[in-house]
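Number of protein chains: 2
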Amino acid sequence: MNKKRYNIAIVGATGAVGRKISSVLSERRFPVNILKLLASSNSIGKKILFNGKETVVELLTKDCFEGIDIALFSAGGSISKEFAPHAIKSGAVVIDNSSAFRNDDSVPLVIPEINPADIKFHRGIISNPNCTTAIMLTVLNSIYKYSRIEKIIVSSYQSVSGAGQNGIVELEDQIKCINDRKEPIISKFLYQIAYNVIPHIDSFTENGFTKEEMKMVDETRKILHDYKIRVSATCVRVPVISVHSMSVTVITEKNISVEKVRELLSNSDGVTVLDDVAKNIYPMPINSEGKFDCFAGRIRQDLVFKNAISMWICGDQLLKGAALNAVQIAELLIKNTNR
Amino acid sequence: MNKKRYNIAIVGATGAVGRKISSVLSERRFPVNILKLLASSNSIGKKILFNGKETVVELLTKDCFEGIDIALFSAGGSISKEFAPHAIKSGAVVIDNSSAFRNDDSVPLVIPEINPADIKFHRGIISNPNCTTAIMLTVLNSIYKYSRIEKIIVSSYQSVSGAGQNGIVELEDQIKCINDRKEPIISKFLYQIAYNVIPHIDSFTENGFTKEEMKMVDETRKILHDYKIRVSATCVRVPVISVHSMSVTVITEKNISVEKVRELLSNSDGVTVLDDVAKNIYPMPINSEGKFDCFAGRIRQDLVFKNAISMWICGDQLLKGAALNAVQIAELLIKNTNR
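Sequences listed follow chains P and E, in order. Residue 302 in numbering that gives the first Met the number 0 sits at position 303 of the first sequence, and the numbers go up by one each step. Residue 42 in numbering that gives the first Met the number 0 sits at position 43 of the second sequence, and the numbers go up by one each step.
#1: For the beta strand (DSSP E) that contains residue 244 of chain P, what are its first and last residues?
#2: Please state whether DSSP places residue 192 of chain E in a helix, a strand or coil.
#3: Classify residue 233 of chain E as helix, strand or coil using the three-state DSSP reduction.
#4: Measuring CA to CA, which of E:108, E:327, E:79, E:238 is closest to residue 284 of chain E?
#5: In whole angstroms, give me the CA-to-CA distance for residue 90 of chain P and residue 132 of chain P.
#6: Taking only three categories from DSSP, how would you classify residue 151 of chain P?
#7: Should residue 302 of chain E be flagged as near chain P, meaning a C-beta pair shorter than 8 Å?
#8: Taking residue 135 of chain E as the query, report the chain P residues whose CB atoms sit under 9 Å from its CB, ordered along the chain.
#9: Quick one: list the residues of chain P neighbouring residue 175 of chain E, beta-carbon separation under 8 Å, in chain order.
#10: Whole angstroms is fine: what's the gap from residue 194 of chain E's alpha carbon to residue 180 of chain P's?
#11: Under 8 Å between C-beta atoms, does residue 198 of chain E make it to chain P?
#12: Cβ of residue 149 of chain E within 8 Å of Cβ of residue 229 of chain E?
#13: Figure out for me which residue from E:293, E:172, E:19, E:288 has the closest Cα to the Cα of residue 274 of chain E.
#14: With DSSP run on the structure shown, which of helix, strand or coil describes residue 63 of chain P?
#15: For a cutoff of 8 Å on Cβ pairs, would you count residue 229 of chain P as touching chain E?
#16: Are the CB atoms of residue 269 of chain E and residue 280 of chain E nearer to each other than 8 Å?
#17: Terminal residues of the continuous beta strand (DSSP E) containing residue 310 of chain E?
#18: Measuring only the C-alpha atoms, how far is residue 336 of chain P from residue 72 of chain P?
#19: Between residue 338 of chain E and chain P, is the shortest Cβ-Cβ distance under 8 Å, so that the two count as touching?
#20: Cβ closer than 9 Å: which chain E residues qualify as neighbours of residue 181 of chain P?
#21: Please determine if the stretch 63-72 of chain E and the stretch 90-106 of chain E are in contact, where contact requires at least 3 C-beta pairs separated by less than 8 Å.
#22: Where does residue 168 of chain E land, buried or exposed, given buried means 16+ other C-beta within 10 angstroms?
#23: Using the three-state DSSP reduction, which class does residue 358 of chain P fall into: helix, strand or coil?
#24: State yes or no: is the beta carbon of residue 157 of chain E nearer than 8 Å to at least one beta carbon in chain P?
#25: Among residues of its own chain, excluding the 5 on either side of residue 50 of chain E, which ones have a beta-carbon nearer than 6 Å to its beta-carbon?
#26: Return the bridge partner residues of residue 34 of chain E from the DSSP annotation.
#27: Taking beta-carbon pairs under 8 Å, can you tell me which members of the stretch 139-152 of chain P lie near chain E?
#28: Report the residue ranges of all alpha helix (DSSP H) runs contained in full by the stretch 58-124 of chain E; include only those spanning at least 4 residues, in chain order.
#29: Where does residue 318 of chain E land, buried or exposed, given buried means 16+ other C-beta within 10 angstroms?
#30: In whole angstroms, give me the CA-to-CA distance for residue 206 of chain P and residue 213 of chain P.
#31: Below 8 Å on the Cβ atoms is my guess for residue 248 of chain P versus residue 309 of chain P; work out the distance and round it to an integer in Å.
#32: Note the first and the last residue of the continuous alpha helix (DSSP H) segment covering residue 363 of chain E.
#33: Quick one: Cα of residue 191 of chain E to Cα of residue 182 of chain E, how far?
#34: Strictly under 8 Å for the Cβ-Cβ distance: is residue 191 of chain E near chain P by that measure?
#35: To the nearest angstrom, report how far apart residue 338 of chain P and residue 30 of chain P are at their CA atoms.
#36: By a C-beta neighbour count over all protein chains shown, 10 Å radius and 16 as the cutoff for buried, is residue 328 of chain P buried or exposed?
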């Protein structure tokens with residue numbers, strides 16, 4: 000892959016994440032030669048603007064990866080499982096945004112600010128982490144490096160676009176129905192999400208936690224290479240368009256002051272500290288949307304545990320939680336091969 | 000106060016909580032003789048339906064409590080501080096929904112299911128707890144009695160009506176503005192609440208926690224008579240009309256199984272267990288609104304701590320978090336004096 004410009008495929012190009020991938024590639028001036036936008040038959044012929052040029056969406060087939068250097072998959076686990084092998088066979092490296100391969104020991108799971116070296120061990124597939132995990136760990140990384148984190152308790156406030164473009168449409172349609180005093184239509188989510196919160200994302204596992212919550216446990220361990228760290232998560236859908244927020248308490252090995260945490264986070268790649276409560280400054284969806292960085296605020300000494308810090312984190316889950324991190328992995332890939 | 004029917008005053012009768020107080024008095028067939036609806040000059044002449052009869056709102060003055068047996072205050076701390084002494088002087092017992100007297104050692108802070116005996120020590124005022132604290136403790140009460148709770152970590156998802164009637168109007172107006180592609184008007188909350196979450200309720204204190212969060216610490220200790228229990232809270236406003244939700248982890252002295260917790264909660268006054276994840280059953284604002292009970296679900300063994308249970312709690316904060324609990328205190332008062 001030792002070239003100056005690369006042939007890129009986006010699988011699921013018309014989805015909420017797929018669209019963000021093409022715009023992030025453009026915004027970060029990724030050296031694209033050919034961009035192939037792939038989707039199911041429903042989306043064939045749709046046009047997406049890339050670098051000022053309309054690009055037509057093509058049908059995803061097993062033979063469509065011919066000549067592709069990097070294939071960014073974001074069309075769900077079953078599509079990844081079916082088509083990633085064909086992409087690899089054609090010589091592409093797959094960066095997969097689904098959960099299909101994340102727990103596979105032979106597949107690196109990478110946040111470029113945290114474990115960039117892991118991509119070297121790939122055998123054709125590199126997994127992009129779960130959105131909430133990616134945002135949380137990007138913020139916690141520098142604290143972890145300063146003083147190992149032993150325990151994390153997190154409750155999330157996850158936006159509807161985490162469920163894709165249909166999630167956005169459903170929230171907006173439901174709000175219109177309710178305003179017009181009509182019965183809201185429920186299809187993407189299990190229950191009405193307008194004016195509601197739903198403590199259920201992805202399916203339930205045997206221990207009573209959801210798969211979404213267990214991703215935060217398992218992926219945190221894999222990314223940090225620390226199988227002793229304990230994580231307990233409650234993942235909740237809220238009626239917000241994009242940006243995932245979370246209330247996080249971390250218990251560290253060493254004692255660490257609030258000032259030190261602010262200093263560490265301020266010097267972290269991909270993190271912006273928004274923390275001045277005297278001026279009512281803290282992260283929220285409305286000030287984090289569309290931003291590449293993850294945001295931390297409300298940093299305070301926890302009142303329950305020794306050596307513990309509580310904080311509030313926001314991040315655009317379509318960006319650092321998905322498209323941005325995937326493109327950053329692609330950047331790492333071409334940087335490693337160009338050297 | 001040894002009578003069959005009582006003269007009741009509601010201070011702040013036209014507010015979100017005040018309106019609920021009159022409807023709860025009616026629904027629970029409280030033995031009302033005269034109901035006096037009191038408010039500031041802005042609301043004079045408004046009519047509120049009580050037991051099928053229109054009752055006219057009167058001006059709150061220091062002399063208006065003549066002949067009143069119980070005065071239910073819900074018009075904010077400064078009104079309580081100014082007018083409660085006049086109500087007491089006129090011979091009324093004050094049940095105060097504001098935070099004005101909650102931390103006063105001489106004022107009982109009561110959840111009737113938990114510490115009913117405390118009302119006996121009142122000197123004219125009984126405080127009604129903070130909404131989130133009341134809902135959380137009503138659910139946790141039976142666990143605490145079975146095995147003392149040592150630590151509570153809670154993140155809340157609080158609805159806009161917690162900020163009063165204006166909170167509801169502001170959310171609905173902002174959503175209309177955004178749908179019409181107009182700039183939303185911000186007045187009650189510090190930031191846009193439509194399609195947003197705000198990690199800030201009440202003002203900040205020196206330790207970085209808000210007053211709302213510190214109420215959960217201080218009031219939990221006072222209600223449980225346990226000044227060793229440790230509580231850490233993150234209180235967050237979400238775009239929901241009514242019902243406060245919370246993600247709660249409790250660390251208990253003894254080990255306690257999920258089954259035992261379900262059994263304890265199922266037998267608790269004021270609590271309904273909605274917990275069958277195989278059937279996607281758990282509490283949410285849409286199924287808890289308008290209900291007297293508090294709801295618990297997603298009960299599971301926590302993954303981080305020994306002897307710890309995580310769960311999800313919902314409760315209508317205008318009811319158990321405010322009006323219902325206040326009326327229950329009034330019921331206790333007349334029961335005690337009638338015996």
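Cβ atoms here follow ideal geometry from the backbone N, Cα and C, with glycine treated the same way.
If we stick to the structure as given:
#1: 243-251
#2: coil
#3: strand
#4: E:238
#5: 30 Å
#6: strand
#7: yes
#8: Going along chain P, no residue has its Cβ under 9 Å from residue 135 of chain E, so there is no contact; the nearest lies around 14 Å.
#9: 178
#10: 20 Å
#11: yes
#12: yes
#13: E:293
#14: coil
#15: yes
#16: no
#17: 307-314
#18: 21 Å
#19: Low confidence applies here, because residue 338 of chain E scores a pLDDT of 43, under 50, leaving its location unreliable; read the following figure in that light. So no, residue 338 of chain E is outside the interface.
#20: None at all; the shortest Cβ gap to chain E is about 14 Å.
#21: yes
#22: exposed
#23: The structure shown does not extend to residue 358 of chain P, since chain P is modelled only from 0 through 338, so no value can be given for it.
#24: no
#25: 25
#26: E:7
#27: 150, 151, 152
#28: 76-88
#29: buried
#30: 10 Å
#31: 5 Å
#32: Any property of residue 363 of chain E remains undetermined from this structure, which presents chain E solely from 0 to 338.
#33: 10 Å
#34: yes
#35: Only weak support is given to the placement of residue 338 of chain P: the predicted model assigns it a pLDDT of 43, under 50, and the value that follows is read from those uncertain coordinates. Between residue 338 of chain P and residue 30 of chain P, the C-alpha separation is close to 15 Å.
#36: buried
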